[in-house]
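In this note's numbering, the protein residues as written are 3 to 412.
Encoded as structure tokens, the structure appears first; notes follow it.
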């Protein structure tokens, strides 16, 4: 029996795929690369800098003579992954993990690109957080996105998701992360939708929290009434992650996004009207898209200043292979770097002021990491002392930073 180490890059969906492969593995799990006979590199293809890190790591493994398997979204770039002469397993064929490991041990190059349903794949969980992949793929064709090429659309059935959640809870998980490429599209191929799924989940007995993953604003807007109703459950974190990418309607159109800036604003206003400061709005912003003018950039700054999202994943645009945006004339790197710095500094100010609103408040929080917890609206709280993972405790917020609240455990 060989020892296998998993190195995972990217989103929670990728992490869930790694956990599924580990659950199916017929070998021993290694705790680090050095003791492993085979390394499974589960790759991410969203950003250029991340790809550069992955390619560097693959090159290092090759230099060391290490046996490895390439998995994840980067496998959609077949010319790139083929050059390593190792087994390659796409996001749609992870059930072949044992064959891929066997091939690696034997020094064979192989390609597993079968289109398979992931409906009945086993999952393993690491309490206190259980990652549940409810769907992957999307219906959009954003001009900058490589992920669409790597993940075809499919949803898990409600029954399978409920079984996974019950398993995670039995194994000690207290937070359930519903992961996907675009959560709002859930269920279109299995006769369900996100609201119906959440209603089923909130009926499960137990004291646990549900974090809803990334989605597109227009799908949330279509389901807004139902979502506002189901969010009333204490089990649902008062949180959304709706990607917008730019505050300029023009740039959003030129990116070929399926939503408008106004869609995002309409959804935010509805949730903030209902929950006030006890709600966390997360989004994504790309600066330096090839068609972004100075005026477009100023519109993004005004958008951020006006609507003050609580969490923003900021990215500098990098062209991805085989995408429409890669064919456009690129902006100078110094322009992109400057815009990124300006937004970064603005976000620190916005985030600090948003967090400052919670000074002196008392909240019940779930401990998810050593000395770190989450409020019912998914704001991170740094604790003043150690508390067992998976515990619910009362805290008083005595200080804040632009990234966290600081809580004294009562």
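Yeah, the Cβ is synthetic: ideal placement off N, Cα and C, and Gly gets one too.
Since the structure is predicted, the reported quantities are computational estimates derived from the model, not experimental observations.
Just mark residue 31 as buried or exposed, buried being the case when its beta carbon has 16 or more other beta carbons within 10 Å.
-> The residue is exposed, with fewer than 16 neighbouring Cβ atoms inside 10 Å.
Distance, Cα to Cα, residue 279 vs residue 358?
-> For residue 279 and residue 358, the gap between their C-alpha atoms comes out near 11 Å.
Please name the residue, chosen from 120, 170, 148 and 176, that lies closest to residue 156 on a Cα-to-Cα basis.
-> 120
Classify residue 308 as buried or exposed, calling it buried when 16 or more other Cβ atoms lie within 10 Å of its own Cβ.
-> With fewer than 16 Cβ atoms within 10 Å of its Cβ, residue 308 is classed as exposed.
7 Å CB neighbourhood of residue 432 in its chain, flanking five on each side removed | Look at the range of the chain in this structure, 3 to 412, and you will see that residue 432 is not part of it.
For residue 216, which beta-bridge partners are listed by DSSP?
-> 243
Contact set for residue 264: own chain, Cβ-Cβ below 8 Å, skip 5 residues either direction | 251
Is it true that the segment 335-342 meets the segment 286-296, where meeting means three or more beta-carbon pairs spaced less than 8 Å apart?
-> yes
For the beta strand (DSSP E) that contains residue 135, what are its first and last residues?
-> 131-135 is the extent of the beta strand (DSSP E) around residue 135.
Any beta strand (DSSP E) of 3 or more consecutive residues that is wholly inside the segment 93-157 = 131-135
How big is the Cα-Cα spacing for residue 391 and residue 103?
-> Cα-Cα distance, rounded: 33 Å.
Please go through the same chain and pick out, in chain order, the residues whose beta-carbon is closer than 8 Å to the beta-carbon of residue 303, but skip the five residues on each side of it.
-> 249, 344, 345 and 348
Identify every run of the alpha helix (DSSP H) within the segment 335-406, keeping only runs that are complete inside it and at least 4 residues long; order them along the chain.
-> 335-358
Rounded to the nearest angstrom, how far is the Cβ of residue 130 from that of residue 176, given a contact under 8 Å?
-> 4 Å
Classify residue 284 as helix, strand or coil using the three-state DSSP reduction.
-> strand
List the residues that DSSP assigns as beta-bridge partners of residue 70.
-> 41
In or out: residue 23 buried (at least 16 other Cβ within 10 Å) or exposed?
-> In the assembly as shown, residue 23 is a buried residue. Its beta-carbon has 16 or more other beta-carbons within 10 Å.
Simplified DSSP state of residue 234, which is helix, strand or coil = coil
Helix, strand or coil at residue 411 [DSSP, three-state] | strand
Compare the beta carbon distance of residue 285 and residue 238 with 8 Å and say whether it is the shorter of the two.
-> Not closer than 8 Å, so no.
Residue closest to residue 62, alpha-carbon to alpha-carbon, out of 41, 240 and 407 = 41
Cβ neighbour criterion (16 or more within 10 Å) applied to residue 141 = By the neighbour-count rule (16 or more Cβ atoms within 10 Å), residue 141 is not buried but exposed.
Which of helix, strand or coil does DSSP assign to residue 317?
-> strand
Same chain only: Cβ atoms within 6 Å of residue 192, ignoring 5 sequence neighbours per side | 157 and 159
State yes or no: is the C-beta of residue 133 within less than 8 Å of the C-beta of residue 14?
-> Yes, the pair counts as a contact, with Cβ atoms nearer than the cut-off.
Assign residue 327 to one of two classes, buried (16 or more other C-beta atoms within 10 Å of its C-beta) or exposed (fewer than that).
-> buried
So who's on the other strand from residue 91, going by DSSP bridges?
-> 73 and 114
Contacts around residue 69, its chain only, beta-carbon distance under 8 Å, and the 5 residues preceding and following it disregarded = 39, 40, 41, 88, 106, 107 and 109
Start and end of the beta strand (DSSP E) containing residue 210?
-> DSSP places residue 210 outside any beta strand (DSSP E), giving it a letter other than H or E.
The alpha helix (DSSP H) spanning residue 165 covers which residue range?
-> 160-172
C-beta atoms of residue 12 and residue 74 nearer than 8 Å | Contact flag set, yes.
Spell out the partners DSSP gives residue 5 in its beta bridges.
-> According to DSSP, which records beta bridges pairwise, residue 5 is partnered with 30.
Kindly indicate the opening and closing residues of the alpha helix (DSSP H) around residue 414.
-> Because residue 414 is not part of the residues shown, which for the chain are 3 to 412, the question remains open.
Length of the line joining the Cα atoms of residue 397 and residue 364 | For residue 397 and residue 364, the distance between alpha carbons rounds to 5 Å.
Rounded to whole angstroms, what's the CA-CA distance from residue 210 to residue 189? Just pull it up for me.
-> Spanning the two alpha carbons is a distance of roughly 23 Å.
Tell me the start and end of each unbroken beta strand (DSSP E) in the segment 169-206 that is at least 3 residues and wholly inside, in chain order.
-> 177-181
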